[in-house]
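Peer 1: As given, the protein sequences belong to chains A and B, one line each in that order.
Numbered per the working numbering, the first sequence spans residues 7 to 317.
Numbered per the working numbering, the second sequence spans residues 14 to 287.
For every residue, glycine included, the Cβ atom is placed at its ideal position computed from N, Cα and C.
Dropping a structure here in structure tokens format, bear with me for questions.
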Amino acid sequence: MNEATVMSDNKRAGLQKKPVRFRNERRFVFAFLTPVLLLFGVFAFLPIAWGLILSLFQYNPMSDHGRFVGVANYVRMFTDEVVLKSLWVTFKFVFITVISNLVITLLIAMAIQRVRVRWLKDFFRSVFFLPTIAPLAGTAIVWSTMFSYQNGLFNMILEQFHIAPVQWLSDPHYALLSVIIMTLWADIGYNIVLFMAGLDSIPDMYYEAAILDGANRWHLFRHVTLPLLSRSTLFVTITTVISYFQAFPQFQIMTKGEPFNETRVLALEIYDQAFSNSNMGYASALATLFLVIILVVTLLQMKWSRTQWEY
Amino acid sequence: MHRKNVWLDTTVTIMLVVAACIMLVPYLWMVLSSFKGNMDIMSGSSGFWPKHPSLDGYRTVLQDAPFGTWLLNSAVTSVIITAVTLFTSALAGYVFAKHQFRGKRIWFLLILGTMMIPFQVIMIPTYLITAKLGIVNNLSAIILPNLVSSYGVFLAKQFIEEIPNDLLEAARLDGAGELKLMVRIIAPLILPMLSALGIFTFMNAWNNYLWPLIVLNDTEKMTVPLALVYFNGTHIVNYNVVMSAAVLITIPVIIVFLIFQKQFVKGLTMTGMK
Chain A
7 MNEATVMSDN
17 KRAGLQKKPV
27 RFRNERRFVF
37 AFLTPVLLLF
47 GVFAFLPIAW
57 GLILSLFQYN
67 PMSDHGRFVG
77 VANYVRMFTD
87 EVVLKSLWVT
97 FKFVFITVIS
107 NLVITLLIAM
117 AIQRVRVRWL
127 KDFFRSVFFL
137 PTIAPLAGTA
147 IVWSTMFSYQ
157 NGLFNMILEQ
167 FHIAPVQWLS
177 DPHYALLSVI
187 IMTLWADIGY
197 NIVLFMAGLD
207 SIPDMYYEAA
217 ILDGANRWHL
227 FRHVTLPLLS
237 RSTLFVTITT
247 VISYFQAFPQ
257 FQIMTKGEPF
267 NETRVLALEI
277 YDQAFSNSNM
287 GYASALATLF
297 LVIILVVTLL
307 QMKWSRTQWE
317 Y
Chain B
14 MHRKNVWLDT
24 TVTIMLVVAA
34 CIMLVPYLWM
44 VLSSFKGNMD
54 IMSGSSGFWP
64 KHPSLDGYRT
74 VLQDAPFGTW
84 LLNSAVTSVI
94 ITAVTLFTSA
104 LAGYVFAKHQ
114 FRGKRIWFLL
124 ILGTMMIPFQ
134 VIMIPTYLIT
144 AKLGIVNNLS
154 AIILPNLVSS
164 YGVFLAKQFI
174 EEIPNDLLEA
184 ARLDGAGELK
194 LMVRIIAPLI
204 LPMLSALGIF
214 TFMNAWNNYL
224 WPLIVLNDTE
234 KMTVPLALVY
244 FNGTHIVNYN
254 VVMSAAVLIT
264 IPVIIVFLIF
274 QKQFVKGLTM
284 TGMK
């Protein structure tokens, strides 16, 4: 269908103007856009629609026929204690990790900006950025061994201070915290670089003017840096929130959602329902909920920050 | 005022040095653990430094595991994905920026809209589609769904719109076809954007874990991140083996990063890609 529309439209455009050249252009558009749109169709548009439809079925890939169950999957998930718990864990994880990430990255970015020596500045930026390029799956494994009860680094450090060792990944009090620490280590590089670019774009004269007016360091930060950085902050916040909602490898590798589902985020629950339990219909309903949450959170953030800008 | 600044600068630098050291600890841990002998690990309290340094871990990885195959799988899929994604993004961006056809706005909005969709939302149907195509457990299942990027199309369109139409018209009058125009004039002009997109596409393809986890089962077919995790499952007792594999996989990535880090950072600030 898409080929037909592309073609007919360009035919019309071609007839109105110089024929030969526009026939070439039209052929070009048709020949190259079709495969691209086809790929988008099969691997982006179709799955979205299919996912919505699938969420109304009870579907197991082993038995080929799905059974239509209407909104039963949606009703079920709001009474499913594991799902409700995973929603709570997801929000807790995203909230704590995003806030910590923003505070830490902004502080480090401002600190690095203060460094005058060029190579030292580059060195710091590289060191903080390094973890972001390593595969998260590998990082998660390295951190699992650091959190190990018997020979892990963290318990070695505690031992130095004569503190009893901790079951970092299997104690319900510490499991989520451990994953949060690892995630922060693995991911702060991006936002540091983005904040540094944002800080660079603030003209020096604003600071100079404020200093002439007798502003101290806190005033400068509160009334010059923060407001002029708000665009960067909005962008960084939205991308970080979206990416932390989707955090998956660290949970699947380090804790598998245990102990007592304390680290079972929604992304992991969707994967487990779909590919471990073969409940693809139910998992699709969860995925739809997931999509709605992300869209709502993003829209709220944008709306909230727009009202912030107005005054 | 001036003296206070010196003090503050020194404090800030020292704190950054401390923070940087903390950031590097996991790498040190990984490398040191890879040299630990089985004796160290079995005795239970192996300590930070390896007591009996040995290369057993590396030997096991290189002998017992199809290490070369994993690297090759990752390299082949990532290179193909990157090359094709750059091509399709630049092309679709050019068409959307400089050509007219019916439904242009709607197609573009649809493509933009997919940027908002988390992968978890489409992974189940995408798996069913690859199953229907009969390519599950095949490297093409990794490649095929990743040959287009909505973000790439969006970026390319933004950058190509900046190119003056007169330039394109002049080239057309000289008899250049659309494809030649694309390769000879547009591609060089958007090269910075393309290299940024290329770096991030390659990195995402190389590091991708969730999608290979869904569609690949054979040890021989696995890509690097997946293989590492699989290996972790089979060698959980001798973690020196797993750490050796992690070192062998991480070091090349770090070297590549150190060589291209300028482009990396520039690309990140230009595109904001994650």
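To the nearest whole angstrom, what separates the beta carbons of B/E191 and A/N30, a pair I think is in contact under 8 Å?
Peer 2: Within the second sequence, residue 191 of chain B is the residue found at index 178, counting from 1. Within the first sequence, residue 30 of chain A is the residue found at index 24, counting from 1. Confirmed, about 6 Å.
Peer 1: Determine, for A/V303, whether the minimum Cβ-Cβ distance to residues of chain B falls below 8 Å.
Peer 2: As a position in the first sequence, residue 303 of chain A is number 297, starting the count at 1. Not one chain B Cβ lies under 8 Å of A/V303.
Peer 1: Around the Cβ of B/P138, are there at least 16 other Cβ atoms within 10 angstroms (buried) or fewer (exposed)?
Peer 2: Position 125 of the second sequence holds residue 138 of chain B. With 16 or more Cβ atoms within 10 Å of its Cβ, B/P138 is classed as buried.
Peer 1: On a CA-only basis, which of A/A181, A/F160, A/H179, A/P178 is nearest A/P171? Give me that one, please.
Peer 2: Mapped onto the first sequence, residue 171 of chain A falls at position 165. Among A/A181, A/F160, A/H179, A/P178, the Cα nearest to that of A/P171 belongs to A/F160.
Peer 1: Between A/L235 and A/G204, what straight-line distance do the alpha-carbon atoms span, to the nearest angstrom?
Peer 2: Locating residue 235 of chain A in the first sequence gives position 229, counting from the first residue. Locating residue 204 of chain A in the first sequence gives position 198, counting from the first residue. Between A/L235 and A/G204, the C-alpha separation is close to 6 Å.
Peer 1: At which residues does the alpha helix (DSSP H) containing A/Q64 begin and terminate?
Peer 2: As a first step, residue 64 of chain A is located in the first sequence; it is residue number 58 there, counting from the start. Careful: A/Q64 lies outside any alpha helix (DSSP H), inside the beta strand (DSSP E) at 63-66.
Peer 1: If you draw a straight line from the C-alpha of B/V89 to the C-alpha of A/T111, how long is it?
Peer 2: Residue 89 of chain B sits at position 76 when you count from the first residue of the second sequence. Residue 111 of chain A sits at position 105 when you count from the first residue of the first sequence. Taking the straight line joining both Cα atoms gives about 35 Å.
Peer 1: Taking a Cβ distance cut-off of 7 Å, strictly less, list which residues of the stretch 272-292 of chain A are near chain B, in chain order.
Peer 2: Listed by position, the residues of the stretch 272-292 of chain A near chain B (Cβ gap below 7 Å) are A273, I276, A280, F281, M286, A289, S290.
Peer 1: Helix, strand or coil, according to DSSP, for A/S106 in the structure here?
Peer 2: On the first sequence, position 100 is the one that residue 106 of chain A refers to. In this structure, A/S106 counts as helix in the three-state DSSP scheme.
Peer 1: From the DSSP output, which residues share a beta bridge with A/R73?
Peer 2: Locating residue 73 of chain A in the first sequence gives position 67, where the first residue counts as 1. DSSP output for A/R73 lists A/Q64 as bridge partner(s).
Peer 1: Tell me, to the nearest whole angstrom, how far the beta carbon of A/V100 is from that of A/N267; I am working on the premise that it is less than 8 Å.
Peer 2: The residue you call residue 100 of chain A lines up with position 94 of the first sequence. The residue you call residue 267 of chain A lines up with position 261 of the first sequence. Between A/N267 and A/V100 the Cβ distance is about 17 Å, and since that is not below 8 Å, they are no contact.
Peer 1: Under 8 Å, do A/V35 and B/V108 count as touching if we go by C-beta distance?
Peer 2: The count along the first sequence starts at 1 and reaches residue 35 of chain A at position 29. The count along the second sequence starts at 1 and reaches residue 108 of chain B at position 95. A contact, by the Cβ cut-off of 8 Å.
Peer 1: Check the Cβ-Cβ distances between B/E233 and every residue of chain A, and say whether any is below 8 Å.
Peer 2: Position 220 of the second sequence, counted from the first residue, corresponds to residue 233 of chain B. No, because no Cβ of chain A sits closer than 8 Å to the Cβ of B/E233.
Peer 1: Pull up the CB-CB distance for B/V228 and B/I155, whole angstroms please, since I reckon it's below 8 Å.
Peer 2: Along the second sequence, one-based indexing puts residue 228 of chain B at 215. Along the second sequence, one-based indexing puts residue 155 of chain B at 142. Indeed, because the Cβ distance is near 7 Å, the residues count as touching under 8 Å.
Peer 1: Give the interface partners of B/D187 over in chain A, defined as CB-CB distance under 9 Å, in chain order.
Peer 2: For the purposes of this step, residue 187 of chain B is taken as the residue at position 174 of the second sequence. Per Cβ cutoff of 9 Å: no residues; B/D187 is ~12 Å from chain A at best.
Peer 1: For the alpha helix (DSSP H) that contains A/L190, what are its first and last residues?
Peer 2: Taking the first residue of the first sequence as 1, we reach residue 190 of chain A at position 184. First-last of the alpha helix (DSSP H) with A/L190: 181-206.
Peer 1: Which residues in chain A have a C-beta closer than 9 Å to the C-beta of B/M206? List them in chain order.
Peer 2: As a position in the second sequence, residue 206 of chain B is number 193, starting the count at 1. Ordered by position in chain A, no residue passes the 9 Å Cβ test against B/M206, which lies about 16 Å from the chain.
Peer 1: Is it the case that the CB of A/L232 approaches a heavy atom of the ligand GDP more closely than 7 Å?
Peer 2: This structure simply doesn't include the ligand GDP, nor any ligand for that matter.
Peer 1: For A/A55, does the count of other Cβ atoms within 10 angstroms reach 16, so buried, or fall short, so exposed?
Peer 2: As a position in the first sequence, residue 55 of chain A is number 49, starting the count at 1. A/A55 should be labelled exposed.
Peer 1: Buried or exposed for B/N178, please, with buried defined as at least 16 other CB atoms from any protein chain shown within 10 angstroms of its CB.
Peer 2: Walking along the second sequence from the start, residue 178 of chain B turns up at place 165. Exposed.
Peer 1: CB-CB under 8 Å to A/L164, same chain, minus the five flanking residues each way: which ones, in chain order?
Peer 2: The residue you call residue 164 of chain A lines up with position 158 of the first sequence. If we look at A/L164 and ignore the five residues flanking it on each side, its Cβ neighbours are A170, P171, V172.
Peer 1: Along the chain, where does the alpha helix (DSSP H) that runs through A/A226 open and close?
Peer 2: The residue given as residue 226 of chain A occupies position 220 in the first sequence. In the sequence on display, residue 226 of chain A carries Leu and not Ala. A/L226 -> no alpha helix (DSSP H), and no H or E assigned at all.
Peer 1: How long is the line joining the alpha carbons of A/P67 and A/P178, rounded to whole angstroms?
Peer 2: Sequence index remark: in the first sequence, residue 67 of chain A carries index 61 (1-based). Sequence index remark: in the first sequence, residue 178 of chain A carries index 172 (1-based). About 34 Å.
Peer 1: With distances taken from CA atoms, which of A/T304, A/F254, A/Y213, A/F130 is nearest B/C34?
Peer 2: The residue labelled residue 34 of chain B in the question sits at position 21 within the second sequence. When each option's Cα is compared against that of B/C34, the closest is A/F130.
Peer 1: Just mark B/W120 as buried or exposed, buried being the case when its beta carbon has 16 or more other beta carbons within 10 Å.
Peer 2: As a working note, residue 120 of chain B is residue 107 in the second sequence. Under this definition B/W120 is a buried residue.
Peer 1: With 8 Å set as the bound, which would you pick, yes or no: does the beta-carbon of B/H112 sit closer than that to a beta-carbon of chain A?
Peer 2: By 1-based counting over the second sequence, the position of residue 112 of chain B is 99. So yes, B/H112 belongs to the interface.
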